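Worksheet: the structure to be examined is printed underneath.
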Amino acid sequence: MGYALDLAQQGKKHLAAKPLTGFGGAGVLEIVDDYDGDTYRVVYTVKFAGAIYVLHAFQKKSKKGIATPKQEIELIKKRLKRAQEHYAEWSKSQKSNSHEQ
Numbered sequence: 863m864g865y866a867l868d869l870a871q872q873g874k875k876h877l878a879a880k881p882l883t884g885f886g887g888a889g890v891l892e893i894v895d896d897y898d899g900d901t902y903r904v905v906y907t908v909k910f911a912g913a914i915y916v917l918h919a920f921q922k923k924s925k926k927g928i929a930t931p932k933q934e935i936e937l938i939k940k941r942l943k944r945a946q947e948h949y950a951e952w953s954k955s956q957k958s959n960s961h962e963q
């Protein structure tokens, strides 16, 4: 998973990274990996120029189906909204810093 995130930071996409359903396209990606009989997931976004945000990393506990549990989706949505706010603030500060120079 670390390698997949490293590739994302370089603007590339790991073969295991797939769009997360319900987020309107390929801006929110999920990596699923199995280790020692357990399944782990990392969800991140590449919606912002020059930045990736890891929105959630967790062990999937449910043994029913492969769908991401609803409570995890809700948490990802909240964190995506916060990432959008953070990026907007950061972007604004970058523009004002470049005007001061």
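Just so it is clear: in the sequence shown, position 78 is 940 by our numbering, and no numbers are missing.
Ideal Cβ positions, reconstructed from N, Cα and C, are used throughout, including at glycine.
Small disclaimer: the values here were computed from a predicted structure and weren't measured.
Q: Just grab the DSSP bridge partners of TYR897 for me.
A: Partner(s): ASP900.
Q | Same chain, Cβ closer than 8 Å to VAL916, neighbours up to 5 away in sequence not counted | A | Within the same chain, VAL916 has close Cβ partners LEU867, VAL904, VAL905 and TYR906.
**Q.** At least 3 beta-carbon pairs within less than 8 Å: the region 873 to 885 vs the region 927 to 943
**A.** Yes, they touch.
Q) Counting along the chain, where does the beta strand (DSSP E) carrying GLN872 start and finish? A) Here GLN872 belongs to no beta strand (DSSP E), and DSSP marks it neither H nor E.
Q: Using 10 angstroms around the beta-carbon of GLU892, count the other beta-carbons present and answer buried if the total reaches 16, otherwise exposed.
A: With 16 or more neighbouring CB atoms inside 10 Å of its own CB, GLU892 falls in the buried class.
Q.
For ASP896 and TYR902, I'd like the C-alpha separation in whole angstroms.
A. Taking the straight line joining both Cα atoms gives about 6 Å.
Q) Are TYR865 and ALA913 touching if we call contact CB-CB under 8 Å? A) For TYR865 and ALA913, no; Cβs fall outside 8 Å.
Q) Are the CB atoms of LYS874 and GLY889 nearer to each other than 8 Å? A) No, the Cβ-Cβ distance between LYS874 and GLY889 is not below 8 Å.
(Q) On the CB-based measure, 16 or more other CB atoms within 10 Å of its CB, does ALA945 come out buried or exposed? (A) Flag for ALA945 reads buried.
(Q) Along the chain, where does the beta strand (DSSP E) containing ILE914 start, and where does it finish? (A) For ILE914, the enclosing beta strand (DSSP E) starts and ends at 913 to 922.
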